[in-house]
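Beneath this line is the structure, given in structure tokens, with notes to follow.
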């Protein structure tokens, strides 16, 4: 009996491990790649299925959603904006606040998708540049180890190009580290706004 239980537990654990998505080897960020962000990750309020379809039809809810989603709006102002909307929302307050969240989710998630796609393109360019740098380094090494090596104009130009490409690659790598933080910052903003809206339901 115990052996059967251990076997079942092992199979369950193996199944859970197999169910985990494999990391994308082309993803350049240390942050885990989450391709799809669902409302349930941050929202525990009323069902948002319908709100996701019709939030744009509620003009005031849509305007507030756009304002809350914008990173130009400090989070410190969100409480007051949500409170004012909730006070004027009438008997459909919960439904309309849910629309506000749905709008914020759609806008932030759309921005996040664009950032993720941009990171992927950026990383692809880095891989191409890295390959070029390796080829240049190999050519320089080949020329310098040649028995009849001379300080030729070709070698000087190749070394200059190699140093320039390496510098650009390093600068782009540093920039990428900052860009990689953007999806996480957007997710954090979305979660904070969701909590503030739910507090007014």
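Residue numbers (the numbering used here): 135 to 335.
Positions of the beta carbon are idealized from the N, C-alpha and C atoms, including for glycine.
Under the DSSP assignment, residue 236 falls in the alpha helix (DSSP H) whose first and last residues are 227-278.
By the C-beta criterion, the stretch 298-312 is judged to be in contact with the stretch 261-273, since at least 3 inter-stretch pairs fall below 8 angstroms. Three or more beta-carbon pairs separated by less than 8 angstroms are not found between the stretch 202-216 and the stretch 252-269, which leaves the two stretches without contact. From the listed residues 307, 332, 232, the smallest Cα separation to residue 264 is found for 307. In the three-state reduction of the DSSP assignment, residue 281 falls in the coil class. Two segments are said to touch when three or more pairs of C-beta atoms, one from each, lie closer than 8 angstroms; by this definition the stretch 162-174 does not touch the stretch 200-208. By the 16-neighbour rule on beta-carbons within 10 angstroms, residue 211 is exposed. Around the beta carbon of residue 288, a 10 Å sphere encloses fewer than 16 other beta carbons of the protein chains shown; the residue is thus reported as exposed. At the C-beta level, residue 239 and residue 317 stay beyond 8 angstroms of one another.
The DSSP-derived three-state label of residue 333 is coil.
No Cβ-Cβ contact shorter than 8 angstroms links residue 233 with residue 177.
By the neighbour-count definition (other C-beta atoms within 10 Å, threshold 16), residue 262 is an exposed residue. Minimum Cα-Cα distance from residue 260 among the listed residues 293, 246, 291, 309 corresponds to 309. In the structure shown, the three-state DSSP call for residue 183 is helix. In this chain, the alpha helix (DSSP H) harbouring residue 304 covers 287-313. Across the structure, residue 184 and residue 314 are spaced so that their CA atoms are roughly 32 angstroms apart. In the structure shown, residue 173 falls within a helical segment according to DSSP collapsed to helix, strand and coil. Counting along the chain, residue 205 sits inside no alpha helix (DSSP H), nor does DSSP assign it H or E at all. Residue 251 holds the alpha-carbon nearest to the alpha-carbon of residue 168 among 251, 304, 331.
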